[in-house]
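A.B. asks:
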Amino acid sequence: MANVLVTGGAGYIGSLLVPELLGEGHKVHVVDNFMYGQNSLAAMCADENFSVTKLDVRNISELKPHLSKSDIVIPLAALVGAPICAKDPIGAQTVNHDSVLDLFKNLSRQQLILMPTTNSAYGSGDENNMCTENSPLNPISKYAIDKVAIEKELMQRENSISFRLATVFGMSPRMRIDLLVNDFTYRAITDRFVVLFESSFKRNYIHIRDVVRVFIHGIVNFNSMKGEIFNVGLSDLNLSKLELCERIKKHVPEFVYLDAPVGKDPDQRNYIVSNKKLEKTGFKQHYSLDFGINELLKGYRMLRNTTYGNV
Numbered sequence: 037m038a039n040v041l042v043t044g045g046a047g048y049i050g051s052l053l054v055p056e057l058l059g060e061g062h063k064v065h066v067v068d069n070f071m072y073g074q075n076s077l078a079a080m081c082a083d084e085n086f087s088v089t090k091l092d093v094r095n096i097s098e099l100k101p102h103l104s105k106s107d108i109v110i111p112l113a114a115l116v117g118a119p120i121c122a123k124d125p126i127g128a129q130t131v132n133h134d135s136v137l138d139l140f141k142n143l144s145r146q147q148l149i150l151m152p153t154t155n156s157a158y159g160s161g162d163e164n165n166m167c168t169e170n171s172p173l174n175p176i177s178k179y180a181i182d183k184v185a186i187e188k189e190l191m192q193r194e195n196s197i198s199f200r201l202a203t204v205f206g207m208s209p210r211m212r213i214d215l216l217v218n219d220f221t222y223r224a225i226t227d228r229f230v231v232l233f234e235s236s237f238k239r240n241y242i243h244i245r246d247v248v249r250v251f252i253h254g255i256v257n258f259n260s261m262k263g264e265i266f267n268v269g270l271s272d273l274n275l276s277k278l279e280l281c282e283r284i285k286k287h288v289p290e291f292v293y294l295d296a297p298v299g300k301d302p303d304q305r306n307y308i309v310s311n312k313k314l315e316k317t318g319f320k321q322h323y324s325l326d327f328g329i330n331e332l333l334k335g336y337r338m339l340r341n342t343t344y345g346n347v
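Here the sequence shown is numbered in our numbering, starting from 37 and rising by one per residue.
Now the structure itself:
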């Protein structure tokens, strides 16, 4: 049993990771500013090994006491994704970069860090651009640029693992509809159509529950994985946006997708990713794209963005 600190633990990934960590017998403390007003960890409050503090991670003086009590730190707190970072670049800089450096500075060599980074760091390439952990990085967005800088610092310290996450999909108690698979599936059952820009652009994907599993795997196998960077995705899911729509249409036959003859996608990521290094550690992904789409279709029967609508 370890004392695990999860910053941003009430977010999209943390809301599923925290229960799993508790299930593994760890004591888990969550620090989150609850900026979305979520209560995604409400069911955890009955667990005596769970504790929570409402706190902005940029407040390092108040974060320090929680850091000092931790054996393992999983820094999930972030403004996640290119659009929100473009909208609030100062917030992105202070949360995604500055606060993480402060966190590193206030941890000892003996404390373990398992850090989510991003495979969007690979940027843009042609359709044959297979990326491994040793491939050159070409971050395009503010989000990816900060993640690359933080990963570089992370790899300078002892007892650290970086997980370069593919585009995540699947249901969570703190849901994100804006992620690509989640978004396209939502459009398929609400709007019934989507217009694609640069539909041939490819990226890699991973189900959120496999992301949770990889953090557990990293803790269990920390001694053999520390000091390394791992791509985290499904090896059979290097799909273009057009191919993704074709897969969704198998579940929603009335879904129509149109390839725009003009226009440019603001997200210029285009790459194929190898996940073999992670798989060689014994990790096997469990959740397929079809599983995720089915899960999302069920979830969206309960969840609709109707704040400003009458139906």
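Virtual Cβ for every residue (Gly too), placed ideally from N, Cα, C.
What residues in its chain sit with their C-beta under 7 Å from that of Val136, if we drop five residues either side in the sequence?
C.D. replies: To locate residue 136, count along the sequence shown from 1; it is residue 100. Excluding positions up to five away in sequence, the list reads Pro111 and Ile186.
A.B. asks: Is the region 325 to 335 close to the region 196 to 206, with three or more CB pairs under 8 Å?
C.D. replies: Touching, yes, given that three or more Cβ pairs across the two stretches are closer than 8 Å.
A.B. asks: Grouping DSSP H, G and I as helix and E and B as strand, with all else coil, what is Ser196?
C.D. replies: As a first step, residue 196 must be located in the sequence shown, where it is residue number 160. It is a strand residue.
A.B. asks: In angstroms with no decimal places, state the Cα-to-Cα distance between His62 and Thr89.
C.D. replies: Position 26 of the sequence shown holds residue 62. Position 53 of the sequence shown holds residue 89. Computed Cα separation, rounded: 17 Å.
A.B. asks: According to the neighbour-count rule (16 or more other Cβ atoms, all chains shown, within 10 Å of its Cβ), is Ile255 buried or exposed?
C.D. replies: For the purposes of this step, residue 255 is identified with residue 219 of the sequence shown, where counting begins at 1. It counts as buried.
A.B. asks: With burial defined as no fewer than 16 other Cβ atoms inside 10 Å of the residue's Cβ, what is the status of Leu251: buried or exposed?
C.D. replies: Within the sequence shown, numbered from 1, the residue matching residue 251 stands at position 215. Reading the sequence as shown, one finds Phe at residue 251 and not Leu. By the 10 Å Cβ count, Phe251 comes out buried.
A.B. asks: Counting only the same chain and skipping the five closest in sequence on each side, list residues whose C-beta sits under 7 Å from that of Ala2.
C.D. replies: The first residue shown for the chain is 37 and the last is 347, placing residue 2 beyond what the model contains.
A.B. asks: Asn39 bridges to which residues according to DSSP?
C.D. replies: Translated into the one-based positions of the sequence shown, residue 39 becomes position 3. Answer by DSSP bridge pairing, in chain order: Lys63.
A.B. asks: Given Gly223, which residues of its chain have a CB within under 6 Å of its CB, disregarding the five upstream and five downstream residues?
C.D. replies: As a first step, residue 223 is located in the sequence shown; it is residue number 187 there, counting from the start. In the sequence under discussion, the amino acid at residue 223 is Arg, which differs from the Gly named in the question. Within the same chain, Arg223 has close Cβ partners Val230.
A.B. asks: Just tell me which of Leu294, Ile120, Ser198 and Tyr241 has its CA closest to the CA of Lys262.
C.D. replies: Within the sequence shown, the letter at position 226 stands for residue 262. Comparing Cα positions, the closest option is Ser198.
A.B. asks: Please classify Glu76 as buried or exposed, where buried requires at least 16 other C-beta atoms within 10 Å of its C-beta.
C.D. replies: Within the sequence shown, the letter at position 40 stands for residue 76. What sits at residue 76 in the sequence shown is Ser, not Glu. Its Cβ being crowded by 16 or more others within 10 Å, Ser76 is buried.
A.B. asks: Buried or exposed for Asp246, going by 16 or more other Cβ atoms inside 10 Å?
C.D. replies: Sequence index remark: in the sequence shown, residue 246 carries index 210 (1-based). Counting Cβ neighbours within 10 Å, Asp246 comes out buried, since at least 16 surround it.
A.B. asks: Does DSSP put Ile176 in a helix, in a strand, or in coil?
C.D. replies: Position 140 of the sequence shown, counted from the start, is the residue given in the question as residue 176. Of the three classes helix, strand and coil, the one that applies to Ile176 here is coil, per DSSP.
A.B. asks: Exposed or buried, what is Asn259 when buried is set at 16 or more other beta-carbons lying within 10 Å of its beta-carbon?
C.D. replies: Here residue 259 refers to the residue found at position 223 when the sequence shown is read from its first residue. That one is exposed.
A.B. asks: From the DSSP secondary-structure annotation, give me the bridge partner or partners of Met166.
C.D. replies: Against the sequence shown, residue 166 aligns to sequence position 130. Ile308, per the DSSP bridge assignment.
A.B. asks: For the putative contact between Leu273 and Asn240, defined by C-beta atoms under 8 Å, what is the C-beta separation to the nearest angstrom?
C.D. replies: The residue you call residue 273 lines up with position 237 of the sequence shown. The residue you call residue 240 lines up with position 204 of the sequence shown. Sure, about 6 Å apart at Cβ, within 8 Å.
A.B. asks: At a cut-off of 6 Å, would you count Glu234 as near the ligand GDP, judging by its Cβ distance to the nearest heavy atom?
C.D. replies: The model depicted lacks the ligand GDP and carries no ligand whatsoever.
A.B. asks: Starting from the N-terminal side, write out each stretch of the beta strand (DSSP E) that is 3 residues or longer and does not extend beyond the region 266 to 290.
C.D. replies: 274 to 276, all fully within the region 266 to 290.
A.B. asks: Roughly how many angstroms lie between the CA atoms of Asn155 and Met80, to the nearest whole one?
C.D. replies: For the purposes of this step, residue 155 is taken as residue 119 along the sequence shown, with counting starting at 1. For the purposes of this step, residue 80 is taken as residue 44 along the sequence shown, with counting starting at 1. Distance between the alpha carbons of Asn155 and Met80: 31 Å.
A.B. asks: Could you give the DSSP three-state label for Glu264: helix, strand or coil?
C.D. replies: By 1-based counting over the sequence shown, the position of residue 264 is 228. Looking at Glu264 - three-state DSSP - the assignment turns out to be strand.
A.B. asks: Identify the residues that DSSP records as bridge partners of Ser76: which are they?
C.D. replies: Your numbering for residue 76 matches position 40 in the sequence shown. Ser76 is not bridged to any residue.
A.B. asks: Any idea what DSSP makes of Tyr323, helix, strand or coil?
C.D. replies: Residue mapping note: residue 323 aligns to position 287 of the sequence shown, counting from 1. Correct three-state label for Tyr323: coil.
A.B. asks: With a cut-off of 8 Å, do at least 3 Cβ pairs link the region 171 to 187 to the region 275 to 293?
C.D. replies: Because the criterion of three Cβ pairs below 8 Å is not met, the region 171 to 187 and the region 275 to 293 do not touch.
A.B. asks: Kindly indicate which three-state DSSP category Lys316 falls into: helix, strand or coil?
C.D. replies: Locating residue 316 in the sequence shown gives position 280, counting from the first residue. The answer is coil: DSSP assigns Lys316 none of H, G, I, E or B.
A.B. asks: Out of Ala46, Leu58 and Gly73, state which residue places its alpha-carbon closest to the alpha-carbon of Val66.
C.D. replies: The residue labelled residue 66 in the question sits at position 30 within the sequence shown. Per the Cα distances, Ala46.
A.B. asks: Since Asn240 is in the beta strand (DSSP E), which residue starts that stretch and which ends it?
C.D. replies: Looking up residue 240 in the sequence shown gives position 204. Where Asn240 is concerned, the enclosing beta strand (DSSP E) stretches over Lys238 to His243.
A.B. asks: Pull up the CB-CB distance for Glu56 and Val248, whole angstroms please, since I reckon it's below 8 Å.
C.D. replies: Your numbering for residue 56 matches position 20 in the sequence shown. Your numbering for residue 248 matches position 212 in the sequence shown. With a Cβ gap of about 5 Å, Glu56 and Val248 count as contacting.
A.B. asks: According to the neighbour-count rule (16 or more other Cβ atoms, all chains shown, within 10 Å of its Cβ), is Asp68 buried or exposed?
C.D. replies: The count along the sequence shown starts at 1 and reaches residue 68 at position 32. Counting Cβ neighbours within 10 Å, Asp68 comes out buried, since at least 16 surround it.
A.B. asks: Looking only at its own chain, which residues have a Cβ that is under 8 Å from the Cβ of Arg210, when we skip the five neighbours before and after it?
C.D. replies: To locate residue 210, count along the sequence shown from 1; it is residue 174. If we look at Arg210 and ignore the five residues flanking it on each side, its Cβ neighbours are Ala46, Gly47, Tyr48, Gly50, Ser51, Tyr72, Gln74 and Ser76.
A.B. asks: Output the boundary residues of the alpha helix (DSSP H) element that contains Lys123.
C.D. replies: Translated into the one-based positions of the sequence shown, residue 123 becomes position 87. Start and end: Ala118 to Lys123.
A.B. asks: Terminal residues of the continuous alpha helix (DSSP H) containing Tyr222?
C.D. replies: Within the sequence shown, numbered from 1, the residue matching residue 222 stands at position 186. Here the alpha helix (DSSP H) through Tyr222 covers Leu216 to Thr226.
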